[in-house]
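Accompanying notes for the structure given below.
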Amino acid sequence: MGLTSQSSGFSLLKEKFEIQKKPNQKVIALAGNPNTGKSTLFNNLTGLNQHTGNWPGKTVTNAQGTFKYKDNDYLLVDLPGTYSLLANSVEEEVARDFICFGNPDITIVISDSTCLERNLNLVLQVLEITDNVIVCLNLMDEAKRKGITINIKKLKEKLGVPVIPMVARDGKGSKELLDTIDKMIKKEIKTTPYRLTYNKKTENIVNEIEKKLKNLIGNKLNTRWLSLRLIDGDKQILKSIDEIVKNNSLSKEEI
Amino acid sequence: MDKKVPLHLLPVGQKAKVIVLLNKGLSRRRLLDLGLIKDSLVKTERLSPSGNPIAYNIKGSVIALRKEETKNVLVEIIS
Numbered sequence: 003m004g005l006t007s008q009s010s011g012f013s014l015l016k017e018k019f020e021i022q023k024k025p026n027q028k029v030i031a032l033a034g035n036p037n038t039g040k041s042t043l044f045n046n047l048t049g050l051n052q053h054t055g056n057w058p059g060k061t062v063t064n065a066q067g068t069f070k071y072k073d074n075d076y077l078l079v080d081l082p083g084t085y086s087l088l089a090n091s092v093e094e095e096v097a098r099d100f101i102c103f104g105n106p107d108i109t110i111v112i113s114d115s116t117c118l119e120r121n122l123n124l125v126l127q128v129l130e131i132t133d134n135v136i137v138c139l140n141l142m143d144e145a146k147r148k149g150i151t152i153n154i155k156k157l158k159e160k161l162g163v164p165v166i167p168m169v170a171r172d173g174k175g176s177k178e179l180l181d182t183i184d185k186m187i188k189k190e191i192k193t194t195p196y197r198l199t200y201n202k203k204t205e206n207i208v209n210e211i212e213k214k215l216k217n218l219i220g221n222k223l224n225t226r227w228l229s230l231r232l233i234d235g236d237k238q239i240l241k242s243i244d245e246i247v248k249n250n251s252l253s254k255e256e257i
Numbered sequence: 513m514d515k516k517v518p519l520h521l522l523p524v525g526q527k528a529k530v531i532v533l534l535n536k537g538l539s540r541r542r543l544l545d546l547g548l549i550k551d552s553l554v555k556t557e558r559l560s561p562s563g564n565p566i567a568y569n570i571k572g573s574v575i576a577l578r579k580e581e582t583k584n585v586l587v588e589i590i591s
């Protein structure tokens with residue numbers, strides 16, 4: 003929202019992958035629409051006092067904090083809020099690049115229960131990139147006040163990943179979230195994320211590009227998703243691939 | 513009686529259904545991400561002092577959009 007690459011400058015982007023990860027530390031990314039409580043949950047889990055505010059666009063680059071639960075140390079990365087990962091602003095790019103190239107062990111998508119429909123757009127986009135996703139339904143108290151009920155079991159079945167109702171402000175649901183994180187790290191939870199299938203023509207092209215991509219960058223990244231973005235003609239993604247894989251031949255060949 | 517207008521001409525307080533997005537490329541993607549999808553409901557909330565941008569209620573959040581974007585969105589007024 004709001005900030006363009008011009009107004010914030012590319013200097014912001016340079017910092018985006020400066021994660022001080024210790025060995026054995028698990029990385030968790032916090033993503034979600036603007037103003038759904040990412041930073042609130044972040045503070046809740048880490049005990050830090052990252053600035054929260056009820057206006058969108060507050061977290062522009064990412065904030066990081068650590069916490070311990072059971073046997074594991076975690077590094078939590080608070081990403082800027084976005085409606086989409088098909089980047090056209092700096093914050094969206096930061097969020098997308100981190101989820102796609104930063105290789106978090108788990109990605110948590112926080113959604114606003116009071117307008118779930120708009121939040122599911124981002125959820126589906128994240129599910130396209132990675133398997134280890136937990137969906138948090140925040141602001142359940144507000145939803146209740148508005149007379150909204152959500153069939154959590156059905157949502158879980160449809161999305162194929164854990165769905166956890168929360169009130170992050172009061173810390174409700176944190177315990178369940180932590181337990182789910184723990185189980186997912188220990189591979190006790192198997193996810194079957196909902197993936198869109200496109201029409202035949204698109205799928206054929208995707209397969210073709212994916213083969214080439216696999217040759218170039220191997221299995222490190224989600225090549226299906228990258229192929230889809232390349233079909234979109236997303237020039238930013240080429241730049242991101244270049245930056246991270248340092249593979250200049252890729253961009254030339256695919257353009 | 514149905515009436516089709518571009519979104520920027522939708523009067524304040526009026527609800528409408530999105531018929532088609534004529535935008536292309538990034539601008540189209542952006543509007544889709546914000547929830548302006550075919551058949552979704554939109555309501556004009558209020559005008560800014562100069563009349564541009566205009567705030568719309570789209571799927572539960574209020575979002576301000578510029579005329580340059582919304583003139584390409586065709587909606588059908590519902591009463």
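Sequences listed follow chains A and B, in order.
Here the numbering used here is used: the first residue of the first sequence is 3, the next is one more, and so on.
Here the numbering used here is used: the first residue of the second sequence is 513, the next is one more, and so on.
Each residue gets a CB set at the ideal place from its N, CA and C atoms; glycine is no exception.
This structure is a prediction, so every number in the text was calculated from the model and none was measured.
Residue environment, residue i, which counts as buried when at least 16 other CB atoms sit within 10 Å
i, result
"N201(A)", "exposed"
"D234(A)", "exposed"
"V206(A)", "Per the sequence presented here, residue 206(A) reads as Asn, with Val not at that position. Exposed, because fewer than 16 other Cβ atoms sit within 10 Å of the Cβ of N206(A)."
"D172(A)", "exposed"
"T199(A)", "exposed"
"E581(B)", "buried"
"N221(A)", "exposed"
"R558(B)", "exposed"
"S560(B)", "exposed"
"R197(A)", "exposed"
"V574(B)", "exposed"
"G2(A)", "Lying before the first or after the last residue shown, residue 2(A) is absent from chain A, which here runs from 3 to 257."
"L546(B)", "buried"
"G175(A)", "buried"
"E95(A)", "buried"
"E119(A)", "exposed"
"R231(A)", "buried"
Distance between beta carbons of residue j and residue i, contact taken as under 8 Å
i, j, result
"N140(A)", "A170(A)", "5 Å"
"V532(B)", "I549(B)", "Not confirmed; about 11 Å, so no contact."
"L126(A)", "V135(A)", "Their Cβ separation, rounded to whole angstroms, is 10 Å, which puts L126(A) and V135(A) out of contact at 8 Å."
"G162(A)", "T194(A)", "4 Å"
"D107(A)", "I30(A)", "7 Å"
Cα-Cα separation, residue i to residue j
i, j, result
"P523(B)", "T556(B)", "7 Å"
"L88(A)", "T151(A)", "30 Å"
"I570(B)", "P167(A)", "24 Å"
"G83(A)", "V137(A)", "15 Å"
"K188(A)", "A145(A)", "32 Å"
"N250(A)", "L240(A)", "Note on N250(A): pLDDT 44, under 50, position unreliable in the model; the coordinate value appears next. Taking the straight line from one Cα to the other gives about 9 Å."
"K579(B)", "S113(A)", "29 Å"
"S115(A)", "D181(A)", "21 Å"
"S253(A)", "D236(A)", "Bear in mind that the predicted position of S253(A) carries a pLDDT of just 45, short of 50, making it unreliable; the figure below should be weighed with that in mind. Roughly 11 Å between the two C-alpha positions."
"L43(A)", "D143(A)", "15 Å"
"N26(A)", "D75(A)", "7 Å"
"S41(A)", "G34(A)", "10 Å"
"V585(B)", "S229(A)", "29 Å"
"K160(A)", "R226(A)", "21 Å"
"R540(B)", "K72(A)", "46 Å"
"I211(A)", "I589(B)", "43 Å"
"K516(B)", "L218(A)", "50 Å"
"T2(A)", "P164(A)", "What the structure shows of chain A is the stretch from 3 to 257, and residue 2(A) is not part of that stretch, so it cannot be assessed."
"I566(B)", "A576(B)", "5 Å"
"K216(A)", "K527(B)", "48 Å"
"G149(A)", "K158(A)", "21 Å"
"I243(A)", "S91(A)", "17 Å"
"L553(B)", "F69(A)", "42 Å"
"L47(A)", "D99(A)", "23 Å"
"E190(A)", "C117(A)", "31 Å"
"K583(B)", "L544(B)", "15 Å"
"P518(B)", "G563(B)", "15 Å"
Where the beta strand (DSSP E) containing residue i begins and where it ends
i, result
"V587(B)", "585-590"
"S113(A)", "108-114"
"E557(B)", "553-559"
"S573(B)", "573-577"
"N74(A)", "74-80"
"L32(A)", "28-34"
"P516(B)", "Per the sequence shown, residue 516(B) should be read as Lys rather than Pro. Where K516(B) is concerned, the enclosing beta strand (DSSP E) stretches over 515-518."
"N569(B)", "566-570"
Residue interval of the alpha helix (DSSP H) (run including residue i)
i, result
"D234(A)", "225-234"
"C117(A)", "C117(A) -> no alpha helix (DSSP H), and no H or E assigned at all."
"I219(A)", "202-219"
"K146(A)", "142-147"
"K177(A)", "176-187"
"A65(A)", "Unbroken run through A65(A) is the beta strand (DSSP E), 65-71; no alpha helix (DSSP H)."
"L538(B)", "537-545"
"V96(A)", "92-103"
"I531(B)", "Per DSSP, I531(B) belongs to no alpha helix (DSSP H); it is in the beta strand (DSSP E), 527-533."
"I154(A)", "154-161"
Residue i Cβ short of 7 Å to the ligand NAP heavy atom set
i, result
"F44(A)", "The ligand NAP is not part of this structure, which contains no ligands at all."
When you check each C-beta in the stretch 107-139 of chain A against every C-beta of chain B, which residues fall closer than 7 Å?
T116, C117, E119, R120, N123
Taking beta-carbon pairs under 7 Å, can you tell me which members of the stretch 542-555 of chain B lie near chain A?
R542, D545, L546, G547
The stretch 556-581 of chain B: positions lying closer than 8 Å to chain A by Cβ:
I570, K571, G572, S573
Which residues, taken in chain order from the stretch 76-95 of chain A, show a beta carbon closer than 8 Å to some beta carbon of chain B?
Y85, S86, L88, N90
Please list, in chain order, the residues of the stretch 520-541 of chain B that have any C-beta partner in chain A closer than 7 Å.
L538, R541
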